[in-house]
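S.K.:
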Ligand code: ACO
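Structure (structure tokens):
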């Protein structure tokens, strides 16, 4: 047995995959052989999702079929709405999402139910299709707002943005949001993907696998960071002049600054963050004057980037620049992390299928540092 212990499994190879790879030396995120940033610039989120699932980009017909499949199973069963209502106004939207995913297993009657590998593809499409309604209705039920449906004929990406903002999006907003979803679609082996593969390796069903992945992704050290960034900027820093002193005081107190650092590229730029920063610039140019705080947010982000580089040698990660982009798109802060999950459904689905297709149960060992040889006290 290999006795080497790597806390947090840092540097450990946990799977063999054809799906994606963080090529740190080349500063490239490989998705089935393509560069993620190039994909985000030239093809759509659904193209990348298809690529992740099937290994190749879709033809026009294949893309249209995927759109149709996602439209056909988009409606939430009434029972799910009842469960969301029972959660009450205090629930975190990520917890509502996780509960909804888990509960959907009980309503899986469309294709005759079933669990494990055979049913997985149909269930994954059905779950992914329901993400716009699940996110939108979780939020609206929590805030006692009327139910809403995106317009007939809206594409998957348009439907998701419509559901989370409550209004029909503009062409520019759809384009920026599509690129954001692509940037979030897949990223090799983050904690949530690892969690999904570990659960899938028991041949458990996709509802349980994805509920586990959602629990992982909620954490502030992972997907929850985008929400934390927004709260820091809007509620704690508030104006650009306060950004540098705020960060320095936090670092002095050994606090973590959300939106900075990454296990794989800790001291290198995250290529996704750089593209997101460019998208933020485009949005501000197009609609900055009409959105309160837009210019302040850009200024705060730049100061934050400079201070963190000087003080800690740390770079912004994707979540740092995604937060103000969501804000300018009109997405409520509590839906930032659920959208990350919805986008990541593309990559997670590919990993789940790959795990089922070439499975070996995950079952590592430990370095035991506890007591040995203890004896029970004599019985009275
Ligand atoms: N703020 C301040 N210091 C940091 C940060 C940060 N955001 N990130 C890392 N560091 C410092 C640590 O304090 C530590 O310093 P030290 O060696 O002087 O003690 C050093 O960098 C290494 O940190 P570790 O925690 O050992 O590194 P790890 O790989 O475990 O952490 C993580 C990675 C969790 C992402 C970390 O950078 C972090 O907490 N970032 C903030 C949360 C965040 O933005 N998460 C989003 C990740 S990206 C995503 O999910 C899309």
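Residue numbers (this note's numbering): 684 to 1063.
Ideal Cβ positions, reconstructed from N, Cα and C, are used throughout, including at glycine.
1) Which one of 854, 711 and 714 has the shortest CA to CA distance from residue 969?
2) Give the DSSP-derived three-state secondary structure of residue 975 in the structure shown.
3) Using the DSSP secondary-structure output, state which residues sit across from residue 718 in a beta bridge.
4) So, are the CB atoms of residue 923 and residue 982 less than 7 Å apart?
5) With respect to the alpha helix (DSSP H) encompassing residue 966, which residues constitute its N-terminal and C-terminal limits?
6) Using beta-carbon positions only, say whether residue 1029 and residue 868 come within less than 7 Å of one another.
7) Would you tell me roughly how many angstroms separate the C-alpha atoms of residue 857 and residue 909, rounded to the nearest one?
8) Would you report the Cα separation of residue 989 and residue 958, rounded to the nearest angstrom?
9) Who are residue 943's beta bridge partners in DSSP?
10) Report yes or no: do the segment 816-835 and the segment 1006-1019 share at least 3 C-beta pairs separated by less than 8 Å?
11) From this set, 779, 872 and 939, which residue's C-alpha is nearest residue 1035's C-alpha?
12) Figure out for me which residue from 691, 726 and 705 has the closest Cα to the Cα of residue 951.
13) Given this structure, state the Cα-to-Cα distance separating residue 842 from residue 833, to the nearest angstrom.
14) Using only alpha-carbon positions, find the residue among 998, 947, 1059 and 816 that is nearest to residue 694.
15) In three-state terms, what does DSSP make of residue 740?
16) Can you list, in chain order, the residues of its chain with a C-beta nearer than 7 Å to that of residue 759? Leave out the 5 residues immediately preceding and following it.
17) Given this structure, state the Cα-to-Cα distance separating residue 893 from residue 787, to the nearest angstrom.
18) Less than 6 Å separating the Cβ of residue 689 from some heavy atom of the ligand ACO?
19) Let me check understanding here. Comparing Cα to Cα, which of 1054, 916 and 881 lies closest to residue 976?
20) Any chance the CB of residue 882 is under 6 Å from a heavy atom of the ligand ACO?
21) How many Å lie between residue 751 and residue 1048 at the Cα?
22) Answer yes or no: do residue 865 and residue 723 have a C-beta to C-beta separation smaller than 7 Å?
23) Which same chain residues end up closer than 7 Å to residue 882 when comparing Cβ atoms and leaving out the 5 residues on each side of it in sequence?
24) Quick one: what does DSSP say residue 1044 is sitting in, helix, strand or coil?
25) In the DSSP assignment, find the alpha helix (DSSP H) that holds residue 767 and state where it starts and stops.
26) Return the CA-CA distance between residue 734 and residue 1033, expressed in angstroms with no decimal places.
27) Closest to residue 684 by CA distance: which of 1050, 1014 and 1027 is it?
28) On the three-state DSSP scale, how would you describe residue 705?
29) From the DSSP output, in three-state form, read off residue 1027 for me.
30) Does residue 1017 come out as helix, strand or coil in the three-state DSSP assignment?
31) Given this structure, state the Cα-to-Cα distance separating residue 769 from residue 1054, to the nearest angstrom.
32) Between 828, 1006 and 782, which has its C-alpha nearest residue 766's C-alpha?
33) Does the ligand ADP have a heavy atom nearer than 6 Å to the CB of residue 891?
34) Identify, in the order they occur along the chain, each residue of the same chain with its Cβ nearer than 7 Å to the Cβ of residue 747, setting aside the five sequence neighbours on each side.
35) Residue 827 to residue 846, Cα distance in whole Å?
36) Could you check what DSSP says for residue 815 in three-state terms: helix, strand or coil?
M.R.: In brief:
1) Your numbering for residue 969 matches position 286 in the chain shown. The shortest C-alpha separation from residue 969 is found at 854.
2) What you label residue 975 is simply residue 292 of the chain shown in a count that begins at 1. It is coil, neither helix nor strand.
3) Position 35 of the chain shown, counted from the first residue, corresponds to residue 718. Paired residue(s): 713.
4) Start at 1 with the first residue of the chain shown, and residue 923 comes out as number 240. Start at 1 with the first residue of the chain shown, and residue 982 comes out as number 299. Yes, Cβ-Cβ distance for residue 923 and residue 982 is below 7 Å.
5) Residue 966 sits at position 283 when you count from the first residue of the chain shown. Counting along the chain, the alpha helix (DSSP H) containing residue 966 begins and ends at 954-970.
6) By one-based count along the chain shown, residue 1029 stands at place 346. By one-based count along the chain shown, residue 868 stands at place 185. Yes, they are a contact pair.
7) Here residue 857 refers to the residue found at position 174 when the chain shown is read from its first residue. Here residue 909 refers to the residue found at position 226 when the chain shown is read from its first residue. Approximately 20 Å between the Cα atoms of the pair.
8) As a working note, residue 989 is residue 306 in the chain shown. As a working note, residue 958 is residue 275 in the chain shown. Their Cα atoms are separated by approximately 17 Å.
9) Within the chain shown, numbered from 1, the residue matching residue 943 stands at position 260. Its beta-bridge partners are 999.
10) yes
11) Within the chain shown, residue 1035 is the residue found at index 352, counting from 1. Here the closest residue by C-alpha is 872.
12) To locate residue 951, count along the chain shown from 1; it is residue 268. Ranking 691, 726 and 705 by Cα distance to residue 951 puts 705 first.
13) Walking along the chain shown from the start, residue 842 turns up at place 159. Walking along the chain shown from the start, residue 833 turns up at place 150. C-alpha separation (whole angstroms): 6 Å.
14) For the purposes of this step, residue 694 is identified with residue 11 of the chain shown, where counting begins at 1. Residue 694 has its Cα closest to that of 947, out of 998, 947, 1059 and 816.
15) To locate residue 740, count along the chain shown from 1; it is residue 57. Residue 740 falls in the coil class under three-state DSSP.
16) As a first step, residue 759 is located in the chain shown; it is residue number 76 there, counting from the start. The answer, listed in chain order, is 813, 816, 817 and 820.
17) Sequence index remark: in the chain shown, residue 893 carries index 210 (1-based). Sequence index remark: in the chain shown, residue 787 carries index 104 (1-based). The alpha-carbon atoms of residue 893 and residue 787 are separated by roughly 11 Å.
18) Here residue 689 refers to the residue found at position 6 when the chain shown is read from its first residue. Checking the Cβ of residue 689 against the ligand ACO gives no.
19) For this step, residue 976 is matched to residue 293 along the chain shown. Of 1054, 916 and 881, the residue nearest in Cα terms is 916.
20) One-based indexing of the chain shown puts residue 882 at position 199. No, Cβ of residue 882 sits at least 6 Å from all heavy atoms of the ligand ACO.
21) Residue numbering aside, residue 751 sits at position 68 when the chain shown is read from its first letter. Residue numbering aside, residue 1048 sits at position 365 when the chain shown is read from its first letter. So the alpha carbons of these two residues sit roughly 45 Å apart.
22) In the chain shown, counting from the first residue as 1, residue 865 sits at position 182. In the chain shown, counting from the first residue as 1, residue 723 sits at position 40. Going by C-beta atoms, residue 865 is nearer than 7 Å to residue 723.
23) Position 199 of the chain shown, counted from the start, is the residue given in the question as residue 882. Counting only Cβ-Cβ distances below 7 Å, and skipping sequence neighbours, we find 891, 892 and 895.
24) On the chain shown, residue 1044 is found 361 positions in, with the first residue counted as 1. In this structure, residue 1044 counts as coil in the three-state DSSP scheme.
25) Reading the chain shown from its first residue, position 84 is the one you call residue 767. Counting along the chain, the alpha helix (DSSP H) containing residue 767 begins and ends at 761-770.
26) Within the chain shown, residue 734 is the residue found at index 51, counting from 1. Within the chain shown, residue 1033 is the residue found at index 350, counting from 1. Approximately 9 Å, taken between the alpha carbons.
27) On the chain shown, residue 684 is found 1 positions in, with the first residue counted as 1. Ranking 1050, 1014 and 1027 by Cα distance to residue 684 puts 1050 first.
28) Along the chain shown, one-based indexing puts residue 705 at 22. Three-state DSSP puts residue 705 in a strand.
29) Position 344 of the chain shown, counted from the first residue, corresponds to residue 1027. Residue 1027: helix per DSSP, three-state reduction.
30) Locating residue 1017 in the chain shown gives position 334, where the first residue counts as 1. Here residue 1017 sits in helix by DSSP.
31) Numbered from 1 along the chain shown, position 86 holds the residue referred to as residue 769. Numbered from 1 along the chain shown, position 371 holds the residue referred to as residue 1054. One C-alpha to the other measures close to 46 Å.
32) Translated into the one-based positions of the chain shown, residue 766 becomes position 83. Among 828, 1006 and 782, the Cα nearest to that of residue 766 belongs to 782.
33) As presented, the structure is devoid of the ligand ADP, carrying the ligand ACO as its sole ligands.
34) As a first step, residue 747 must be located in the chain shown, where it is residue number 64. There are no such residues.
35) Translated into positions along the chain shown, residue 827 becomes position 144. Translated into positions along the chain shown, residue 846 becomes position 163. Cα-Cα distance, rounded: 15 Å.
36) Position 132 of the chain shown holds residue 815. Reduced to three states, the DSSP call for residue 815 is helix.
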